[in-house]
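Chemist:
There are 2 protein chains.
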Amino acid sequence: MNFSIKKDILLDGLLNVSRALSTKNLIPILSGIKFELKKNGLYLTGSDNDITIQSFIENKKENISNLENEGSIVIQGKYIVEIIRKLPDEIVNIELIDGLKVLIYTKNAKFNLNGMDPTEYPKLDLQTNNKPIILDKKILKNIVNQTSFAASNQETRPLLTGINFKISNNKLECIATDSYRLAKKIIKLDGKNEDNNIIIPSRNLVELTKILLDNDDEKVEMYVFSNKIIFKFDNIIFQSRLLNGTYPDTSKLIPEEYSLSIITNPYELYDVIDRASLLMSDREKNIVNLDINKNNVKITSNSPEIGKVEETMDVENENKETLKISFSATYMMEALRAIQSDRVKILFNGDMKPIILKNPDDDNLIQLILPIRTY
Amino acid sequence: MNFSIKKDILLDGLLNVSRALSTKNLIPILSGIKFELKKNGLYLTGSDNDITIQSFIENKKENISNLENEGSIVIQGKYIVEIIRKLPDEIVNIELIDGLKVLIYTKNAKFNLNGMDPTEYPKLDLQTNNKPIILDKKILKNIVNQTSFAASNQETRPLLTGINFKISNNKLECIATDSYRLAKKIIKLDGKNEDNNIIIPSRNLVELTKILLDNDDEKVEMYVFSNKIIFKFDNIIFQSRLLNGTYPDTSKLIPEEYSLSIITNPYELYDVIDRASLLMSDREKNIVNLDINKNNVKITSNSPEIGKVEETMDVENENKETLKISFSATYMMEALRAIQSDRVKILFNGDMKPIILKNPDDDNLIQLILPIRTY
Numbered sequence: 263m264n265f266s267i268k269k270d271i272l273l274d275g276l277l278n279v280s281r282a283l284s285t286k287n288l289i290p291i292l293s294g295i296k297f298e299l300k301k302n303g304l305y306l307t308g309s310d311n312d313i314t315i316q317s318f319i320e321n322k323k324e325n326i327s328n329l330e331n332e333g334s335i336v337i338q339g340k341y342i343v344e345i346i347r348k349l350p351d352e353i354v355n356i357e358l359i360d361g362l363k364v365l366i367y368t369k370n371a372k373f374n375l376n377g378m379d380p381t382e383y384p385k386l387d388l389q390t391n392n393k394p395i396i397l398d399k400k401i402l403k404n405i406v407n408q409t410s411f412a413a414s415n416q417e418t419r420p421l422l423t424g425i426n427f428k429i430s431n432n433k434l435e436c437i438a439t440d441s442y443r444l445a446k447k448i449i450k451l452d453g454k455n456e457d458n459n460i461i462i463p464s465r466n467l468v469e470l471t472k473i474l475l476d477n478d479d480e481k482v483e484m485y486v487f488s489n490k491i492i493f494k495f496d497n498i499i500f501q502s503r504l505l506n507g508t509y510p511d512t513s514k515l516i517p518e519e520y521s522l523s524i525i526t527n528p529y530e531l532y533d534v535i536d537r538a539s540l541l542m543s544d545r546e547k548n549i550v551n552l553d554i555n556k557n558n559v560k561i562t563s564n565s566p567e568i569g570k571v572e573e574t575m576d577v578e579n580e581n582k583e584t585l586k587i588s589f590s591a592t593y594m595m596e597a598l599r600a601i602q603s604d605r606v607k608i609l610f611n612g613d614m615k616p617i618i619l620k621n622p623d624d625d626n627l628i629q630l631i632l633p634i635r636t637y
Numbered sequence: 263m264n265f266s267i268k269k270d271i272l273l274d275g276l277l278n279v280s281r282a283l284s285t286k287n288l289i290p291i292l293s294g295i296k297f298e299l300k301k302n303g304l305y306l307t308g309s310d311n312d313i314t315i316q317s318f319i320e321n322k323k324e325n326i327s328n329l330e331n332e333g334s335i336v337i338q339g340k341y342i343v344e345i346i347r348k349l350p351d352e353i354v355n356i357e358l359i360d361g362l363k364v365l366i367y368t369k370n371a372k373f374n375l376n377g378m379d380p381t382e383y384p385k386l387d388l389q390t391n392n393k394p395i396i397l398d399k400k401i402l403k404n405i406v407n408q409t410s411f412a413a414s415n416q417e418t419r420p421l422l423t424g425i426n427f428k429i430s431n432n433k434l435e436c437i438a439t440d441s442y443r444l445a446k447k448i449i450k451l452d453g454k455n456e457d458n459n460i461i462i463p464s465r466n467l468v469e470l471t472k473i474l475l476d477n478d479d480e481k482v483e484m485y486v487f488s489n490k491i492i493f494k495f496d497n498i499i500f501q502s503r504l505l506n507g508t509y510p511d512t513s514k515l516i517p518e519e520y521s522l523s524i525i526t527n528p529y530e531l532y533d534v535i536d537r538a539s540l541l542m543s544d545r546e547k548n549i550v551n552l553d554i555n556k557n558n559v560k561i562t563s564n565s566p567e568i569g570k571v572e573e574t575m576d577v578e579n580e581n582k583e584t585l586k587i588s589f590s591a592t593y594m595m596e597a598l599r600a601i602q603s604d605r606v607k608i609l610f611n612g613d614m615k616p617i618i619l620k621n622p623d624d625d626n627l628i629q630l631i632l633p634i635r636t637y
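Chains Y and H supply the protein sequences, listed in that same order. Here this note's numbering = 1-based position in the first sequence + 262. Here this note's numbering = 1-based position in the second sequence + 262.
Written as structure tokens, this is what we have:
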């Protein structure tokens, strides 16, 4: 293994695959990044057995030069990333010497690193023979940003830590719920797609969005297997395991009719609720009260030790009904932020039934929050 | 107590005085900020008994309006700062009602806060009757930035956690040392100043620099008392306790003559040492070796488990002597960063004697580092 490579390109690849490395990993070899030099280029792989990320740098003269001898080695992730990041040179030379020793050098600097045996690295099958589902990068990012926060972070109900991706009739329905709230996003798919129903760990999808760059017109290929999913884009392969089990049926949770609906600006309402929840000593249980009148709403909160807050805000009340209802400030704020529109429609069926939020001009995103009984 | 105040001005004042609040404070009243409204304006005070900061907002129409009834109240620091920060309005109204209840309101929002009894707040004497020492803000900031890192953070030798300010013959000498390295900065004072010799806690001076804004042409007045020091600038009073005791005499540590001196760019040398120390597993004990040759230096480090680094760098070697010496990478990097010049002169007297760094064109800053014996 012997090659010269453009520093910035190598650093990009290393930063992407190092997202799969876990600091908590108990398997020593998985603290490393696998370098695999082939005639067609350099494959970098990082994995924690849950996520695997592979980045490919093609052997063309803008990237790699002096490629001699194929070969592979595993290098400690935290050292190699910092070394490459901090080298001032434009080109870095990498050479495998003495079996497991790696020499990284530029004009003035020489790093001799102890590598790890690549034959000990887990065999990872990143082949994709089946037919992919194709999504815009931007749409995939939106799905994750608009649903992942509603997934549970409690391992007591593992299935709820995932996002349910359900494909039927060329429609993709993505649902996350922690059983107190729910986020649902529906996407129309292009082409013909097989029906499918899988659960992807939510935090893996959040990691995926971090390496989805903002060249939004590009596509992501999604390959579904029985126990894993592979996303392919740019020169990157991102693999996540799936959660095994049947996701709860939530279709009956969302009512067809509502007794009261208001329309307002979600950003302004977000700020009002943010201020109303300021005086809570325990931010996790921050309950605010909403008092809906004919032309405005009053948001109040009360913390006997610290004090109380009261704020009014004008809204459009379509039915001119009134209602008092209480809910978690955090849940409402996260749902409002996901609306991504200047207007939000909030629907109610009395003070004990789910609250629904959606964009008044778009039925493809639904946020649901259960109210909290305060009396 | 009843007044209206420009939100941004109140927030500025609150942010400044809240730097004195400690989250670890066991005295409940010190988690609050004292509001004291007088005819001439609003005094805000925060204190943890170690540092006290007072900010004064003058009663003039750009700041305060509708000032009625003098009075005072102590309000929980963490709540009042967040409330004022998050209010969207330009003007905030504050009113003391019912003894210890504070009403903070704008057009749409009303916060009722439980305050604390101002008579329980410690009596702090911030009077300054004696004659101040006057320094440029920029110079005071530089003193702290160029010396504080060399102070000890170990409470086993409390005096070394401070910076020694010694005034004699209208010269201010500031020294910090943790006994392995030393930083010394000398400033010529204007006017006539009494001789003095005090030790100010280093971390208090670092807090002070955070509220010294960058209007660099302005002055800071320094008032020295037997057990405290007061800094006055803008509308702020910053008080710190002093450390009691006699600071060690370090005057004999800095040699008059040197057997070897090199001149180089401190930023480049910083980067080289930074890279050489990358492979250390314990960053606290990161020893690098310097091998001085006629026209260049070689920096090496070796960590048997991880690997080794070797980098060469051209330097001016004034005496054409050679030397091998080892030192802490962290100490050398912090000293190099304090030089604040494009050139640094590094002076040696063999491999066991202190290393001295200074700006070749300015004798007022000296950085000293003890070498480490590696054989």
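All C-beta atoms, glycine included, are put in the ideal place defined by N, C-alpha and C.
1. When you compare the CB of H/R537 with every CB in chain Y, is at least one pair closer than 8 Å?
2. Which same chain residues end up closer than 7 Å to H/I342 when comparing Cβ atoms and leaving out the 5 residues on each side of it in sequence?
3. Just to make sure I have the definition right: I need the residues of chain Y whose C-beta is within less than 7 Å of the C-beta of H/Y341. Which are they?
4. Excluding the five sequence neighbours on either side, which residues of its own chain have a C-beta within less than 7 Å of the C-beta of H/Y305, listed in chain order?
5. Put Y/K393 into one of helix, strand or coil per three-state DSSP.
6. In the structure shown, what three-state DSSP assignment does Y/N557 receive?
7. Helix, strand or coil, according to DSSP, for H/G333 in the structure here?
8. Residues of chain H with CB closer than 7 Å to the CB of Y/T574, please, in chain order.
9. Of all the CB atoms in chain Y, is at least one closer than 8 Å to the CB of H/K447?
10. So is H/V577 in contact with chain Y if we call contact Cβ pairs under 8 Å?
11. Note the first and the last residue of the continuous alpha helix (DSSP H) segment covering H/L277.
12. Helix, strand or coil, according to DSSP, for Y/P528 in the structure here?
13. When you check each C-beta in the segment 377-407 of chain H against every C-beta of chain Y, which residues fall closer than 8 Å?
14. Taking Cβ-Cβ distances shorter than 8 Å, what residues in chain H pair up with Y/I271?
15. Quick check on DSSP: helix, strand or coil for H/P463?
16. Does the beta-carbon of H/R419 have 16 or more other beta-carbons within 10 angstroms, so that it is buried, or is it exposed?
17. Does Y/T439 come within less than 8 Å of chain H when only Cβ atoms are used?
18. Just the chain H side, please: which residues come within less than 7 Å of Y/E344 by C-beta, in chain order?
19. Take Y/G569 and list the residues in its own chain whose beta-carbon comes closer than 7 Å to its own, dropping the five residues that flank it on each side.
20. For Y/R599, collect the residues of the same chain with a Cβ closer than 7 Å to its Cβ; drop the 5 residues on either side in sequence, then sort them by chain order.
21. Write down every uninterrupted run of the beta strand (DSSP E) in the segment 435-491 of chain Y whose length is 3 residues or greater and which is fully enclosed by it, in chain order.
22. Would you mind telling me which residues of chain B sit closer than 8 Å to H/D533, beta carbon to beta carbon, in chain order?
23. Quick one: Cα of H/K268 to Cα of Y/R537, how far?
24. According to DSSP, what are the bridge partners of Y/K385?
25. Name the one or two DSSP bridge partners that Y/T562 has.
26. Within 8 Å (strictly less), CB to CB, does Y/L283 reach chain H?
27. So does the segment 449-462 of chain H actually touch the segment 491-509 of chain H, counting three or more Cβ pairs closer than 8 Å?
28. Which word fits Y/S488, buried or exposed, when buried means at least 16 other C-beta atoms lie within 10 angstroms of its C-beta?
29. Specify the secondary structure class of Y/T314 as computed by DSSP and reduced to three states.
30. Measure how close the beta-carbons of H/N325 and H/I473 come, nearest whole angstrom, since I'm counting them as under 8 Å.
31. Which of helix, strand or coil does DSSP assign to H/N432?
32. Between the Cα of Y/L365 and the Cα atoms of Y/I335, Y/T381, Y/P380, Y/K348, which residue gives the shortest distance?
33. Mind checking which residues open and close the beta strand (DSSP E) that includes H/I498?
34. Since H/E344 is in the alpha helix (DSSP H), which residue starts that stretch and which ends it?
35. Cβ closer than 7 Å: which chain H residues qualify as neighbours of Y/F297?
36. Does any C-beta atom of chain Y lie closer than 8 Å to the C-beta of H/V682?
Modeler: According to the data block:
1. yes
2. L276, I295
3. L540, L541, I568
4. E298, Q316, F318
5. coil
6. coil
7. strand
8. N370
9. Closer than 8 Å to the CB of H/K447 there is not a single CB belonging to chain Y.
10. no
11. 269-280
12. In this structure, Y/P528 counts as helix in the three-state DSSP scheme.
13. none
14. Under the 8 Å cutoff, chain H gives no residues; its nearest Cβ is about 20 Å from Y/I271.
15. Of the three classes helix, strand and coil, the one that applies to H/P463 here is strand, per DSSP.
16. exposed
17. The beta carbon of Y/T439 does not come within 8 Å of any beta carbon belonging to chain H, so the residue lies off that interface.
18. L540
19. L541
20. Y532
21. 443-450, 458-463, 481-486
22. Protein chains in the displayed structure are Y and H, and chain B is not among them.
23. Here the C-alpha atom of H/K268 lies approximately 19 Å from the C-alpha atom of Y/R537.
24. Answer is none; Y/K385 lacks a bridge partner.
25. Residue pairing by DSSP places Y/T562 opposite Y/N551, Y/E572 in a beta bridge.
26. no
27. Yes, they touch.
28. The residue in question, Y/S488, is exposed, as its Cβ has fewer than 16 Cβ neighbours within 10 Å.
29. strand
30. That belief does not hold up - the Cβ atoms of H/N325 and H/I473 are roughly 18 Å apart, past 8 Å.
31. Collapsing the DSSP output to three states places H/N432 in coil.
32. Y/I335
33. 498-503
34. From DSSP, the alpha helix (DSSP H) with H/E344 extends over 339-348.
35. Per Cβ cutoff of 7 Å: no residues; Y/F297 is ~15 Å from chain H at best.
36. With chain H covering 263 to 637 only, the question about residue 682 of chain H has no answer from this structure.
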